[in-house]
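I have placed the structure first, in the form of structure tokens, so that the comments after it can refer back to it.
There are 2 protein chains.
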Amino acid sequence: MTTRTSELTSDPTGLHRVLDEPAVLPQAARRLDTRRELWPDEVRIRVEKLNLDAASFRQLERKHGGAGQADGDAIRTEVLDIVASRGKMQNPETGSGGMLVGTVEEVGPDSPLGLAVGDRVTTLVSLTLTPLVIEDGLRRWDGHSEQVPCDGYAVLFGRSIAAVIPDDLPSDLSLSVMDVCGAPALTARVVEGYDGATVAVIGGGGKSGSLSLAAARRAGAGRTIGVVPHEREAEALRAAGLADEVVVADARDPIALRDAVTGAGGPADVTVVCVDVPGCEGGAILATAERGTVIFFSMATSFSAAALGAEGLAADVTMLVGNGFVPGHAAYAMGLLRADPGVRQLFEARLAAEAGA
Amino acid sequence: MTTRTSELTSDPTGLHRVLDEPAVLPQAARRLDTRRELWPDEVRIRVEKLNLDAASFRQLERKHGGAGQADGDAIRTEVLDIVASRGKMQNPETGSGGMLVGTVEEVGPDSPLGLAVGDRVTTLVSLTLTPLVIEDGLRRWDGHSEQVPCDGYAVLFGRSIAAVIPDDLPSDLSLSVMDVCGAPALTARVVEGYDGATVAVIGGGGKSGSLSLAAARRAGAGRTIGVVPHEREAEALRAAGLADEVVVADARDPIALRDAVTGAGGPADVTVVCVDVPGCEGGAILATAERGTVIFFSMATSFSAAALGAEGLAADVTMLVGNGFVPGHAAYAMGLLRADPGVRQLFEARLAAEAGA
Chain A
111 MTTRTSELTS DPTGLHRVLD EPAVLPQAAR RLDTRRELWP DEVRIRVEKL NLDAASFRQL
171 ERKHGGAGQA DGDAIRTEVL DIVASRGKMQ NPETGSGGML VGTVEEVGPD SPLGLAVGDR
231 VTTLVSLTLT PLVIEDGLRR WDGHSEQVPC DGYAVLFGRS IAAVIPDDLP SDLSLSVMDV
291 CGAPALTARV VEGYDGATVA VIGGGGKSGS LSLAAARRAG AGRTIGVVPH EREAEALRAA
351 GLADEVVVAD ARDPIALRDA VTGAGGPADV TVVCVDVPGC EGGAILATAE RGTVIFFSMA
411 TSFSAAALGA EGLAADVTML VGNGFVPGHA AYAMGLLRAD PGVRQLFEAR LAAEAGA
Chain B
111 MTTRTSELTS DPTGLHRVLD EPAVLPQAAR RLDTRRELWP DEVRIRVEKL NLDAASFRQL
171 ERKHGGAGQA DGDAIRTEVL DIVASRGKMQ NPETGSGGML VGTVEEVGPD SPLGLAVGDR
231 VTTLVSLTLT PLVIEDGLRR WDGHSEQVPC DGYAVLFGRS IAAVIPDDLP SDLSLSVMDV
291 CGAPALTARV VEGYDGATVA VIGGGGKSGS LSLAAARRAG AGRTIGVVPH EREAEALRAA
351 GLADEVVVAD ARDPIALRDA VTGAGGPADV TVVCVDVPGC EGGAILATAE RGTVIFFSMA
411 TSFSAAALGA EGLAADVTML VGNGFVPGHA AYAMGLLRAD PGVRQLFEAR LAAEAGA
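Going down the list, the sequences are from chains A and B.
Quick note: the first sequence uses this note's numbering, first residue 111, plus one each step.
Quick note: the second sequence uses this note's numbering, first residue 111, plus one each step.
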């Protein structure tokens, strides 16, 4: 009933909701138009939860008192301010956003997304370009977790991506997988380009890391190496059986990282960076063989540190910006979860720990 | 005479000169040890000129009054402060540095670089990781140009790269080419991976852009498109004959850039971003075909804008961090300059304009 035809034609990229002058794409925009009336190719979602990007949430924690002792009220106020002033959740420091979960509330007549009213979905495009209005002041959120219960609405464009949440799996489990589903799909594509590649995954015990390890093995890796920050995580990753070798190293220490990967059968033909801390570029480059590839999935990656780091080391490596979109990525990642008990085990343990925290 | 054996063994990456705790690589370090005594695998250069990275110099201009009306003294003071406090020239905002020209002053007995005392050289690794001491207060520099006359010394590590400046070409010409020699070499490698690629070079009239256009054609591109910001530059690029099509567009306007490239025979299989202004990520992605590749050479590139931009557009493109090092890059770029009159013409015109400015 509220579908609206406007004098301004909609663009599948969402350009028609950008309020900046001159116009930029929604992701780069300072401010989006959050009107609830839809253009004909849009979809409106009733939001139930936001899932903040890990790098973004950590920055907020650091700013407001530090991890473990942060002021949750201050973090909540800042998130509300960002969304109110920008019309989207995009951390001004990290540039990153997150994703959301909700239920389809209205579908414009020209929407190409194939969604129906009542579908429970998650967005696979970033919150940084998704028009968002929070209507409950986030009162059910204590500010101490990336998982943010929320009532409000969001808008999807013609070229957005959303996945329907499967019925046969716990929804938190599906969501944690879909949140990082770009990583395993791109890892698989790169690993297939080598013959029996040695693959090192930095942060191999985490969500995108464990999926990337499973993807590398399925894509024909000759050897997989998981690098984790401490022994507890190493034990969990060993128990999951996702990597041929599991080693402990601080990824911010380039020499330690190089030595750990080399000692486990490296250097790597493909190094996948999945840790959300700054300063891992140098070590990742040093851990990679000549003519190898580094894939940076962490939003904490610095473009100039990577570019100048490789140049400064005279390292002939290909460095990829981890594109979160590969066609079929959500289905591929869900397939890994269903097929690989080790992946499921790690995800379930992580969810249990988060619930208990 | 001053070669020094230390209790601290030198590392080819220069780690032994990093003063940060815990240790990081020299490029990521806050502060480097600039002692003039050499470790056995090092080389000391008597500096005659610094060549500041374009993105860095523009940031300094903006900070101190804006392009064309900047306070040169303030810019000089800031550069001196940075080098004095960090032991290297690395702009804290852009993270970038530049290169230097000088004469080899001393060669450690174990240096693998093949240099001899008296060689006139340029560094092909960034100033961001090169120990540097300025000894003349930059008094010959007015703060209004990226070219900084300078007396002082710098140190090269075992794994650094320096090129001897050819005798048969004007040295300013050789230097401008070597400054950006990573771009054409990587462009050629990527273009060779496609069959008769359509290649768009954003900033095709600039130094790295014109070399990348020449490299793309030599590497078998089916069509080359140069995108420039205004008609004057378009005329110069057309006269140089380096591109099949030359179009004018503002690279920060994603829709304008997409339409310009599409109208000139795109979308591109390979898009090369060579403009030193922020905000070109979205347009570059939109100008690129599915399964195409975007190579980001600009230090003004934002990692998160690229990663989230592609995801937000559901764009299946490969995005490369422009690695400034490819084996043989300096010789390859000098070969393009010698073989292609159009390249030489653009470089000479640019040098003449800078000299006249």
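Note that beta-carbon positions come from the ideal geometry of N, C-alpha and C, so glycine has one too.
Cβ of Q169 (chain B) within 8 Å of any chain A Cβ: no
With a threshold of 8 Å between beta-carbons, can M429 (chain A) be considered close to chain B, or not? yes
Nearest residue (CA-CA) to I271 (chain B), options B:A293, B:A443 and B:P437: B:P437
Quick check: what's the CA-CA separation for K173 (chain B) versus E203 (chain B)? 10 Å
Can you check DSSP and say which residues form a bridge with L142 (chain A)? A:V128
Following a CB-centred definition, is I275 (chain B) positioned closer than 7 Å to any heavy atom of the ligand ATP? As presented, the structure is devoid of all ligands, the ligand ATP included, so that no description of it is given.
Short CB-CB distance (under 8 Å) between G434 (chain A) and chain B: yes
Taking 8 Å as the threshold (beta carbon to beta carbon), is A449 (chain B) in contact with chain A? no
Chain A within 8 Å of A329 (chain B), Cβ atoms only: no
CB contact check: E421 (chain A) to chain B, cutoff 8 Å: yes
Simplified DSSP assignment, three categories, for R114 (chain B): Note that R114 (chain B) scores a pLDDT of 41, beneath 50, so its modelled location is shaky and nothing firm can be said.
Length-filtered (4 minimum) alpha helix (DSSP H) runs lying within the stretch 149–221 of chain B: 164–173 and 182–196
Comparing alpha-carbon positions, which option in B:I192, B:G452, B:G422 and B:R299 lies nearest L234 (chain A)? B:G422
In the DSSP assignment, the beta strand (DSSP E) including R401 (chain B) goes from what residue to what residue? T398 to F406
In terms of alpha-carbon separation, which member of A:F267, A:P276, A:E188 and A:V153 lies closest to L170 (chain A)? A:E188
Secondary structure of G262 (chain A), DSSP reduced to three states: strand
DSSP-derived helix/strand/coil call for G253 (chain A): coil
Whole-angstrom distance between G419 (chain A) and L283 (chain A), CA atom to CA atom: 37 Å
Secondary structure of T297 (chain A), DSSP reduced to three states: helix
Any idea what DSSP makes of I335 (chain B), helix, strand or coil? strand
To which residues does DSSP link V309 (chain A) through a beta bridge? A:T334 and A:V380
Opposing strand residues paired with T232 (chain A) [DSSP bridges]: A:V211 and A:A273
Report the neighbours of I271 (chain A) on chain B: residues whose CB is nearer than 7 Å to its CB, in chain order. A424
To the nearest angstrom, how far is it from the Cα of M288 (chain A) to the Cα of A440 (chain A)? 6 Å
Beta-carbon neighbours of G314 (chain A), restricted to chain B and to distances below 7 Å: Near G314 (chain A) there are no residues of chain B at all, since even the closest Cβ is about 20 Å away, more than 7 Å.
Shorter than 8 Å from the beta carbon of P241 (chain A) to some beta carbon of chain B? no
Please confirm if T119 (chain B) has its CB atom under 8 Å from at least one CB of chain A. no
List, in chain order, every chain B residue whose beta-carbon is nearer than 7 Å to that of T411 (chain A). F413
What is the DSSP secondary structure of L423 (chain A), counted as helix, strand or coil? coil
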